[in-house]
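Going by our numbering, the first residue of the sequence shown is number 1271, and it counts up by one from there.
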Amino acid sequence: MIRILVMGANGKTGRCVVDALSRQTDVLVRCASRRPTSPSQVEFDWALPDTWRPALEGIDALYLVKPASAEAKPDVRDQVAALLDGPSGVRRIVLLSEIDAGSRDEELDERRVERLIERSSFEWTILRPHWFMQNFADPSFYLGQLRDEGSLAVPTGGQGTSFVDTRDVGDVAAAALLDGSHAGMHYTLTGPAAYTWQEAISMISSISGRELSYTDVPLEPYLAGRSIPEAAQKFADHNRAVYDFLRSAASSLISEDVEKVLGRPGRTFQAFVQEIAPVWRLI
């Protein structure tokens, strides 16, 4: 029996990790949540260090989701180090990072956390997924704009994006949590094809039957609109790194890592849209 703690269990990738693990035998899954709602969930809040150690008690493997840069107090890397520095049975860690994190400034949070994990004594695997397909159907991202306003404006510079399905991220994470042969690996997770955002929105429009439009807006005003006055400069630096990559030719990179780990191709963007097309229709 392997005991696994899944952080962000109610999040886009966390719940997919839980679903993937639930299909396995001899696995005990503990779901970490800031607001537990069932016996299978345990309280975990980055802002409340007293919740950290009880959540890790008796755990063998950890799906690690770092705190957001805008929420970390005072430092993302230090918070993760404090979590992992102490008595626990954790021997294997799968870290959710971001695509291109390995090429970013060493002072940015995502790279600093990667370095911490890479230099640790744990059996570690680092996942670097691209933009989630599910963002187009997420109320906290683009669902409202597409469904209610019929339009979306994001600065992509006309570049393609190899969108990845969060279920593939969850399946890869589960494989790495269960199998030590993935230790020491960095996996770049993308879908099997790349689309410009104009092509992506056109596909959603055609399949859902809604007339939807996309506008490629200038970068600087967009970033200014996403700034958080009380957040540290590193949050703004992170956002710039994300959108600089999105606007680069490298954003259309297609990785074979999903198929290498799972033995099957990643889910396609078209299949994702067809599966949930009604969510973009006006009620």
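By construction, the Cβ of each residue, glycine as well, lies at the ideal position given by its N, Cα and C atoms.
None of these values were measured; they are calculated from a predicted model.
For A1464, the secondary structure class from DSSP, reduced to helix, strand or coil, is coil. DSSP, read as helix, strand or coil, puts G1430 in strand. Counting only residues of its own chain and dropping the five nearest sequence neighbours on each side, H1400 has a CB closer than 6 Å to the CB of I1369, S1432, V1434 and T1460. Within the model, the alpha-carbon separation for F1406 versus G1454 is close to 32 Å.
In chain order, Q1540, V1543, Q1544 and A1547 place their CB closer than 8 Å to the CB of I1477, counting only its own chain and leaving out the 5 sequence neighbours on each side. Distance check between F1505 and each of P1319, E1380 and S1292 places E1380 closest, using alpha-carbon atoms only. Within its own chain, the residues whose Cβ lies closer than 8 Å to the Cβ of P1306, once the five positions on either side in sequence are excluded, are V1312 and E1313, listed in chain order. The segment 1435 to 1454 makes contact with the segment 1521 to 1537, as at least three CB pairs between them are under 8 Å. If you draw a straight line from the Cα of P1488 to the Cα of A1464, it comes to about 22 Å. Counting C-beta atoms within 10 angstroms of its own C-beta, A1279 has 16 or more neighbours from the protein chains shown and is therefore classed as buried.
Close CB contacts of A1351 within its chain, under the 7 Å cut and outside five residues either way in sequence, are with L1386 (chain order). Between L1365 and the set L1397, L1378, S1373 and L1523, the nearest pair of CA atoms involves L1397. By DSSP's assignment, V1276 forms a beta bridge with C1301 and Y1333. Collapsing the DSSP output to three states places E1393 in a strand. Beta bridge pairing from DSSP links M1455 with T1395. Here DSSP, grouped into helix, strand and coil, assigns E1313 to strand.
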